[in-house]
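*Asks:* Count along the sequence shown from 1, add 20, and you get the number used in the numbering used here. No residue lacks a Cβ here, since even glycine has one placed at the ideal position from N, Cα and C.
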Amino acid sequence: MAAIPEGFRYLPGHLDPQAQADLVAELRRLVAAAPLYRPTMPKSGRPFSVRMTNAGSHGWFADHAGYRYLARHPKTGRPWPAIPGALLDLWRTVSGYPADPECCLLNLYAPEARMGLHRDADEETFAAPVVSLSLGDSAVFRIGAAERRGPTTSLKLHSGDVMILAGPARLAYHGIDRVLGGSSRLLPDGGRINVTLRRVTRPPEEDA
Ligand code: MD6
Ligand code: FE
């Protein structure tokens with residue numbers, strides 16, 4: 021097993037089942053206001069197997085024009101909904117970062133969906149960590165080094181688990197190899213939700 025980069029933190033079962041269920045109800049309202057869409061790879065035009073939507077001032081999006089943040093939903097043209105309070109609380113508790121997140125990206129995985137190895141590198145600052153929460157079916161997560169070809173380590177993420185990528189781990193390659201269908205009863209239709217919270221712009225106090 022390869023060493024996971026420094027700055028990676030894993031908090032298994034950080035959210036209890038009631039908190040998970042409450043959050044899912046909140047996320048359903050979010051998706052009703054900001055419908056799920058399927059991004060496409062900028063170069064190949066291939067659609068992602070994961071569907072996405074966002075909350076916050078900055079929503080992550082990808083199409084032929086590239087990977088980027090948008091102030092408005094690409095289909096409805098409306099601003100993204102506000103980040104749910106429970107997720108702001110989570111960030112304030114675990115991030116160790118003085119400013120609030122600007123992007124709350126929701127990834128929805130059907131049982132066959134996966135996410136290729138990538139880095140979260142479309143932000144203006146990497147000083148803030150990325151905080152991620154898993155809900156629903158378990159999944160096999162793989163994390164490597166800051167170089168794409170470096171060694172990787174796999175770990176199984178379960179509903180309620182939280183991960184923090186900070187410091188050197190902030191720019192580590194990572195992805196979801198597969199979702200373990202039927203492993204959770206949180207979502208009646210099955211599947212997995214991943215929520216990632218990110219800072220996108222540099223806050224005024226971060227002099228860089
Ligand atoms: C996922 N997660 O768990 C995909 N990115 O479905 C991510 O891409 C991710 O978990 C940055 C930091 C933490 C993550
Ligand atoms: Fe990521």
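1) What number of angstroms, rounded off, separates the C-alpha of residue 114 from the C-alpha of residue 39?
2) Do residue 152 and the ligand MD6 come close, with the Cβ less than 6 Å from some heavy atom?
3) Please identify the residue among 146, 213, 123 and 68 whose C-alpha is closest to the C-alpha of residue 48.
4) If the criterion is Cβ atoms closer than 7 Å, does the pair residue 75 and residue 50 meet it?
5) Going along the chain, which residues of its own chain have a beta-carbon closer than 6 Å to the beta-carbon of residue 104, five neighbours each way excluded?
6) Using C-beta distances below 6 Å, list every residue in its chain close to residue 83, excluding the 5 sequence neighbours before and after it, in chain order.
7) Given 6 Å as the limit, tell me if residue 140 has its C-beta closer than that to any heavy atom belonging to the ligand FE.
8) Give the C-beta separation of residue 156 and residue 195 to the nearest angstrom, bearing in mind that I take them to be a contact with Cβ-Cβ under 8 Å.
9) Is the beta carbon of residue 216 within less than 6 Å of some heavy atom of the ligand MD6?
10) Does DSSP classify residue 80 as helix, strand or coil?
11) Following a CB-centred definition, is residue 127 positioned closer than 6 Å to any heavy atom of the ligand MD6?
12) Please confirm whether residue 96 has its beta-carbon closer than 7 Å to some beta-carbon of chain B.
*Replies:* The short version:
1) Cα to Cα, the separation comes out at about 16 Å.
2) Yes, the ligand MD6 has a heavy atom inside 6 Å of this Cβ.
3) Among 146, 213, 123 and 68, the Cα nearest to that of residue 48 is on 213.
4) The criterion of a C-beta distance shorter than 7 Å is satisfied by residue 75 and residue 50.
5) For residue 104, where only same-chain residues beyond five positions count, the Cβ hits under 6 Å are 46.
6) The answer, listed in chain order, is 60.
7) Yes, the Cβ of residue 140 comes within 6 Å of a heavy atom of the ligand FE.
8) With a Cβ gap of about 18 Å, residue 156 and residue 195 do not count as contacting.
9) Checking every heavy atom of the ligand MD6 against the Cβ of residue 216, one is found closer than 6 Å.
10) Strand at residue 80.
11) Yes; taking the cut-off as 6 Å, the Cβ of residue 127 has a heavy atom of the ligand MD6 nearer than that.
12) The chain inventory of the structure shown lacks chain B, comprising one protein chain alone.
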